[in-house]
Amino acid sequence: MSVAAAPNRHDVIVVGGSFAGLSAAMQIARARRRVLVVDAGRPRNRFAAHSHGFLGQDGRIPQAITRIGREQLLAYPTVTFEHDEVVAAQSTDAGFFLTLASGARAHAARLVLATGVEDDLPTIPGLGERWGRTVLHCPYCHGYEVAGSTLGVLATMPGSVHQALLVADWGEVVLFADASFALDDAQRSALATRGVRIEAVPVLAMTTAVDGYETIVLADGREVTLSALFVATRTRPSSALAELLGCAFDDGPQGPVIRVDAKQATTVAGVFAAGDAASAMSNATLASAGGVLAGVFAHQSLAIPV
Ligand SMILES: Cc1cc2nc3c(=O)[nH]c(=O)nc-3n(C[C@H](O)[C@H](O)[C@H](O)COP(=O)(O)OP(=O)(O)OC[C@H]3O[C@@H](n4cnc5c(N)ncnc54)[C@H](O)[C@@H]3O)c2cc1C
-14 MSVAAAPNRH DVIVVGGSFA GLSAAMQIAR ARRRVLVVDA GRPRNRFAAH
36 SHGFLGQDGR IPQAITRIGR EQLLAYPTVT FEHDEVVAAQ STDAGFFLTL
86 ASGARAHAAR LVLATGVEDD LPTIPGLGER WGRTVLHCPY CHGYEVAGST
136 LGVLATMPGS VHQALLVADW GEVVLFADAS FALDDAQRSA LATRGVRIEA
186 VPVLAMTTAV DGYETIVLAD GREVTLSALF VATRTRPSSA LAELLGCAFD
236 DGPQGPVIRV DAKQATTVAG VFAAGDAASA MSNATLASAG GVLAGVFAHQ
286 SLAIPV
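Residues in the sequence shown are numbered from -14 upward in steps of one, following our numbering.
This is the structure:
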């Protein structure tokens, strides 16, 4: 039997209604449990016109994928969906009590945090407005569409060297690594082997060239024309909820991620997490897969309490 009793009481509240959250909620709905999904509507890929690599959905508008997911989820009678933001959470012996930005309150026996991350971009003029179009985070997501010409990689963190070595499979690569980014001999040798050119003069700005190409303007006045610039970003949690609830975090290569076990359980009893918020390796498919696990194990923790 469901633990739900009062109308605003749910078996599970899923915070975040994108790839991870909708996937989690689907499992809980199919287990005939009451699930509330609260979503603030700011998915990480909202800057991209198309999403790639998600099986059966390749090339679609990102919002179209989640809209279908939401519509299919809402066909289940035990599902409630709120366009709102969870702003506070309290853990008690009676479960979790959440406060939404609208002032509404909701409570549940279990929580799934699928709140995603935000990307902090370098403050180079012209770069931010191109994010998701010609400033890209991942070659598997968007490399195919820009392949075959000159591609840039902006050195922002140690992993940028790996990114440059990898992106060389999609085109001729220029690695923009100024003096603030130290490259050792082994890295220089590996980059040379992959044909990566290193540009050590700082990048001043990014502007539009002709025929869909972009221009990287260097501090000495030279310009480099390319079709896309790959940038590894620093990420931070989109929501403070995990921290508020006392969940432990691990340091990922790009930023903190909520610590979860193989069942997507966080270090706080009853709280599960999935998607980019809880994974150093991120894409829509992995977020969805993590959401499925979180939903399944949140349900099992209700059905078979230890
Ligand atoms: C520019 C760009 C393009 C990308 N392209 C691709 C691609 O082509 N293919 C691919 O596989 N991956 C792509 N990705 C990666 C992909 O977007 C993420 O891996 C995926 O969105 C993660 O899903 P998620 O559900 O974990 O988080 P998100 O999709 O980021 O969703 C989190 C949701 O939680 C909500 N939320 C956060 N806090 C709260 C709160 N307190 N209360 C209520 N709601 C809250 C947010 O508003 C958001 O709607 C791209 C990423 C970027 C940055």
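Ideal Cβ positions, reconstructed from N, Cα and C, are used throughout, including at glycine.
Asked                                                                                            : Found
L287 vs A9 beta-carbon contact at 9 Å                                                            : no
Closest Cα partner of A89 within the set E103, L98 and V71                                       : V71
Inter-residue Cα distance where the pair is S273 and E67                                         : 20 Å
Buried versus exposed, by CB contacts within 10 Å (16 or more), L96                              : buried
Contact set for L150: own chain, Cβ-Cβ below 8 Å, skip 5 residues either direction               : A175, L176, R179 and V181
C232 Cβ short of 8 Å to ligand 1 heavy atom set                                                  : no
Cβ pair count under 8 Å reaching 3, the segment 219 to 232 against the segment 101 to 108        : yes
Span of the alpha helix (DSSP H), counted from its first residue to its last, around R55         : P47 to L59
Start-to-end residues for the beta strand (DSSP E) that takes in D105                            : V102 to D105
Residue environment, R55, which counts as buried when at least 16 other CB atoms sit within 10 Å : buried
Distance cut-off 8 Å: A25 Cβ against heavy atoms of ligand 1                                     : yes
Straight-line gap, W155 to Y125 (C-alpha atoms, nearest Å)                                       : 10 Å
Whole-number beta carbon distance between T65 and R17, since they are thought to touch under 8 Å : Contact doesn't hold; Cβ gap of about 14 Å is too wide.
Integer-rounded CB distance, given that A227 should sit under 8 Å from A283                      : Their Cβ separation, rounded to whole angstroms, is 15 Å, which puts A283 and A227 out of contact at 8 Å.
Burial state of Q75, where buried means 16 or more other Cβ atoms lie within 10 Å                : exposed
Among V159, A153, H147 and E184, the one whose alpha carbon lies nearest that of Q172            : H147
Span separating the alpha-carbon of L85 from that of T141                                        : 36 Å
Boundaries of the beta strand (DSSP E) in which D236 is found, first to last residue             : F234 to D236
Residues bridged to L214 [DSSP beta-bridge criterion]                                            : V120 and G137
Residues sharing a beta bridge with L307, DSSP                                                   : The structure shown does not extend to residue 307, since the chain is modelled only from -14 through 291, so no value can be given for it.
Beta-carbon proximity check, L83 vs V23, cutoff 9 Å                                              : yes
Check: D235 C-beta below 8 Å from any heavy atom of ligand 1                                     : no
Distance, V216 Cα to E157 Cα                                                                     : 16 Å
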